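Just remember that my numbering sits 1 ahead of the position in the sequence shown, which is counted from 1. Some notes on the structure that comes next.
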Amino acid sequence: MAETIADLLNRTLVEAGVERIWGVTGDSLNALNDSLRKSGQIDWMHVRNEEAGAFAAGAEAAATGALAVCAGSCGPGNLHLINGLYDCHRNRVPVLAIAAHIPSSEIGLGYFQETHPTELFRECSHFCEMVQDARQMPEILHRAIRTAIGERGVAVLVIPGDVALQTAPETRAVPFPPLAAPRILPDDGVLAQVAELLNGSKAVTMLCGAGTAGAHDEVVALAAALKAPIVHAYRGKEWIEWDNPYDVGMTGLIGFSSGYHAMMDCDTLLMLGTDFPYRNFYPEKAKVVQIDRDPGALGRRVPIDLGVVADVREAARGLLPLIRDGRDDRFLEKARAHYRDARKGLDDLATPRKDDQPLHPQYVARLVDRIAAEDAVFTADVGTPAVWAARYLTMNGKRRLIGSFNHGSMANALPQALGVQGAFAGRQVVSLSGDGGLAMLMGDMLTAVQMRLPIKVVVFNNASLGFVQMEQKAAGYVDTNVALQNPYFAAIAREMGYLGVRVTRSDALEAALRQAFAHDGPALVDVVTETQELIMPPKIQAEQVKDFSLYAARAVLSGRGDEVLELARANLFR
């Protein structure tokens, strides 16, 4: 039989190294579905919601560094993809989304399930085009794949169901060639200017983000030469925190006080591969040098004195021999001492509680960190699980940490764990899930069972949207509409085919985690944690104290004084 457009798509994806497609099938995807069945070379990863499929594909791409694929059927199927694809795009991971469409003869006529996918996906992709004629293939497909890989983002290929059934054009049979990542070298003259500025600075702090991936040794060597403390953004944690005597923690609302002050007290800030977005955490008077492979990132968050378009690894290599010897290390040692104090303060909060009191979430995260495998991959839900992951998970160069860092979506951790586990069958993958996030996409717990993905889910069950609750209190509001009436997640997990364990006592946690992590299949540990746990920012300002006092006064006046006492018991009397 003649090769169809669906067959051509299938064959090209195989040639490009794709091993699985995450999605929910539908009639507009029937041609592709049947082609996959006949060839047997690509697995269809049957999720319960296309949003989960997009999250899973993004996590697979993040963990492997290779192209990952998701798919949605016409109309609502495509719409479900959107949130996950926004996350993929903002995390800068290479994902191809196959968006099936209604029959081409019906487009524009208000047909059943009609949407306009090329308009819907435009903002969350580098490439979004519709195949309207078989003669557009394979070139449009090659463009989509190369754009996703080369731009490290999302490419969307819209294919009407009837077009997928058309006969592919006869062209010279050339296998899809691999696309090697380019090296972006810095300009020597600009590097000399950067070195001159750094050599004339007495207190340099380095802020490192995800762009330091693959550049650990070069960046640490540069810090040694500059006698500079290294502050990391959240996405930089897994790449630069480990084996690094110059690391002084994270900055930002969920960071460390030491990271905050190291940036605020410097006279020059050297930004490496980071797009840290929060303006009020940048120094106001320091000079700023930014190095990034994306020219659009330069100066986006803070005014810069010098900008360099280059890979961080290449720039750090070039700068190192230009840094003069004999620098004073007093600023570095002060930052290190501050970090030791901040780290001890956080560690002191990771303590067990007596009897059946709800567990401190810091203690849960610390035990997960201690028990998890040396090369575990962690995914963390947005909200309080992200805080505890940032503060208590230890990176070592083998572990990975994946989350919805830039998009900030709820419910990301579970489907991202599925995506990583799909790519690495024998590796330990741990989802740090909030109770709100887990409930939002709970249906895809079934995907782990059906697709035989032995993920481990640790639920921080505090019966609330914890981070939102904290934001309300910090702003002086009485927390409203954040309480969650949760089921017994462990019991539901057992009914789904998981090992399900519920933990209500600190002294039962370690055994539960060890049992779950050793289980040959998906497992869930439902941990009842303290609802009133405070998330202390790195710096307490007078305005925050005032607002928090205002919350306490309002809570008492509204008859919720008992909550204020519980807040004190949970956090102050430890």
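By construction, the Cβ of each residue, glycine as well, lies at the ideal position given by its N, Cα and C atoms. Bear in mind the structure is a predicted one, so any value in this text is a computation, not a measurement.
Check	Outcome
Proximal residues to Q516 (C-beta, below 8 Å), its chain only, five neighbours per side dropped	L500, V502, A524
Contact set for R280: own chain, Cβ-Cβ below 7 Å, skip 5 residues either direction	R302, V303
CB-CB length for A374 against Q429, believed under 8 Å	4 Å
Neighbourhood of L158 by C-beta, 6 Å cutoff - its chain only, sequence neighbours within 5 removed	I99, A145
Three-state class that DSSP yields for P523 in the structure shown	coil
Opening and closing residue of the beta strand (DSSP E) in which M265 lies	No beta strand (DSSP E) holds M265; the alpha helix (DSSP H) holding it covers 258-265.
Length of the line joining the Cα atoms of E61 and R400	15 Å
Nearest-angstrom Cα separation, counted from P95 out to V155	6 Å
Straight-line gap, A149 to I305 (C-alpha atoms, nearest Å)	30 Å
Own chain partners of A226 with C-beta closer than 7 Å, once the 5 adjacent residues on each side are dropped	L321, I324
Check whether G73 and E51 have beta carbons under 7 Å apart	yes
7 Å Cβ cutoff met for H127 and E107	no
Under the three-state DSSP convention, the category L485 falls into	coil
Alpha helix (DSSP H) segments (min. 4 residues) lying fully within the region 315-375	331-348, 362-372
Inter-stretch contact (C-beta, 8 Å, three-pair minimum) for the region 288-301 and the region 267-276	yes
Any 3 or more C-beta pairs closer than 8 Å across the region 372-386 and the region 215-229	no
Residue nearest to G54 in terms of C-alpha spacing, selected from M446, G427, R12	M446
Classification of L514 by the beta-carbon crowding that lies within 10 angstroms, buried from 16 upward	buried
F490 beta carbon less than 7 Å from that of D521	no
Close beta carbons around A64, own chain, < 8 Å, minus the five adjacent residues each side	V378, R401, I403, G420, V421, A424, F425
Residue of V369, S259, R328 minimising C-alpha distance to G346	S259
Straight-line gap, C267 to E285 (C-alpha atoms, nearest Å)	10 Å
Nearest-angstrom Cα separation, counted from A512 out to V313	43 Å
Given 8 Å, three or more beta-carbon pairs between the region 16-31 and the region 74-86	yes
Cross-strand partners of M2 (DSSP beta bridge)	Beta-bridge pairing links M2 to no other residue.
Through-space distance from A67 to G237, alpha-carbon basis	20 Å
Distance between P246 and V48 (C-alpha atoms, nearest Å)	43 Å
C-beta atoms of V195 and L307 nearer than 7 Å	yes
Proximity to W240 [Cα-Cα], best of E140, L199, M396, P118	M396
Identity of the residue in A336, D35, H143, E171 nearest V205 by Cα	A336
Beta-bridge partners of Q291, as assigned by DSSP	M272, G308
Unbroken beta strand (DSSP E) run spanning K457, endpoints	457-462
Other residues of its chain near L30: CB distance less than 7 Å, five sequence neighbours each side excluded	A72, S74, A101
Inter-residue CB distance, L208 and A234 (contact presumed, cutoff 8 Å)	7 Å
L121, buried or exposed, once every other Cβ within 10 Å from all chains shown has been counted against 16	buried
Interface flag, D329 vs chain C, CB-CB below 7 Å	Given the protein chain composition of this structure (a single chain), no chain C is represented.
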